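Undergrad: The structure that follows is given in the form of structure tokens.
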Amino acid sequence: MNFKKTIASFTVFVCLFTSITIVSAQSIKPYKNPKLPIPERVKDLIARMTLEEKIGQLNVLLGWEMYDKNETITASAKFKDAVLKQHIGIFWATLRADPWTKKTIANGLDPYNASVATNALQKWNI
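Below, the structure written as structure tokens:
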């Protein structure tokens with residue numbers, strides 16, 4: 242009798258473990274699965290994106306207001322709002338320093354802090 246209970250318990254355990262494994266394996270979206278080829282991951286991600294998200298990936302932020310520079314450099318509220326509402330995908334202009342932006346090496350970012358700012362923006366975005 243005890244042997245039958247052990248076999249029954251083991252069978253239930255194996256069934257539950259198998260079910261959990263299958264469900265967890267299926268929960269990884271293809272675009273997040275590093276085992277799949279990149280073209281397949283890209284195709285899956287693009288298929289999931291809305292038209293607004295696709296257009297947003299082509300938008301560029303003009304960034305002198307995209308970071309806050311105090312003791313640390315962080316993503317500004319304006320940056321966060323733009324990314325959330327416009328699905329921004331390009332950050333290259335966030336470090337502009339020219340007469341139009343009124344940013345210089347004195348009040349803007351030196352090369353090291355530019356990398357810190359870029360990392361902060363990317364980290365927040367991800």
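Those letters in the sequence shown? Residues 242 to 367, by the numbering used here.
Ideal Cβ positions, reconstructed from N, Cα and C, are used throughout, including at glycine.
The structure presented is a predicted model; accordingly, all values stated were derived computationally and were not measured.
1) Quick one: give me the first and last residue of the alpha helix (DSSP H) that Thr359 is part of.
2) Between which residues of its own chain and Phe332 is the CB-CB distance below 6 Å, once the five residues before and five after are set aside?
3) Taking 7 Å as the cut-off, is the beta-carbon of Asp322 closer than that to any non-hydrogen atom of the ligand NAP?
4) Specify the secondary structure class of Ala316 as computed by DSSP and reduced to three states.
5) What are the uninterrupted segments assigned as beta strand (DSSP E) that are 3 or more residues long and contained completely in the stretch 288 to 352, given in chain order?
6) CA-CA distance, Tyr272 and Ala347?
7) Roughly how many angstroms separate the alpha carbons of Tyr308 and His328, rounded to a whole number?
8) Kindly list the residues whose CB is nearer than 7 Å to the CB of Val324, restricted to its own chain and excluding five residues on each side of it in sequence; keep chain order.
9) Are Leu337 and Lys326 touching if we call contact CB-CB under 8 Å?
10) Do Asp285 and Lys270 have their C-beta atoms closer together than 8 Å?
11) Given this structure, state the Cα-to-Cα distance separating Ala369 from Glu293, to the nearest angstrom.
TA: Taking the definition as stated:
1) On the sequence shown, residue 359 is found 118 positions in, with the first residue counted as 1. First-last of the alpha helix (DSSP H) with Thr359: Pro352 to Asn366.
2) Numbered from its first residue, the sequence shown carries residue 332 at position 91. Leu362.
3) Questions concerning the ligand NAP fall outside what the structure shown contains, since it holds no ligand whatsoever.
4) Stepping through the sequence shown from its first residue, residue 316 is reached at position 75. In this structure, Ala316 counts as strand in the three-state DSSP scheme.
5) 308 to 310 and 314 to 316
6) For the purposes of this step, residue 272 is taken as the residue at position 31 of the sequence shown. For the purposes of this step, residue 347 is taken as the residue at position 106 of the sequence shown. Each residue's Cα considered, the two are about 42 Å apart.
7) Along the sequence shown, one-based indexing puts residue 308 at 67. Along the sequence shown, one-based indexing puts residue 328 at 87. Those two C-alpha atoms are separated by around 17 Å.
8) Within the sequence shown, numbered from 1, the residue matching residue 324 stands at position 83. Cβ neighbours of Val324 beyond the five flanking positions: Asn366.
9) By one-based count along the sequence shown, residue 337 stands at place 96. By one-based count along the sequence shown, residue 326 stands at place 85. Here the sequence assigns Arg to residue 337, which means Leu is not the residue at that position. Not closer than 8 Å, so no.
10) As a first step, residue 285 must be located in the sequence shown, where it is residue number 44. As a first step, residue 270 must be located in the sequence shown, where it is residue number 29. Contact flag set, yes.
11) The question about residue 369 has no answer, for the chain in this structure spans 242 to 367.
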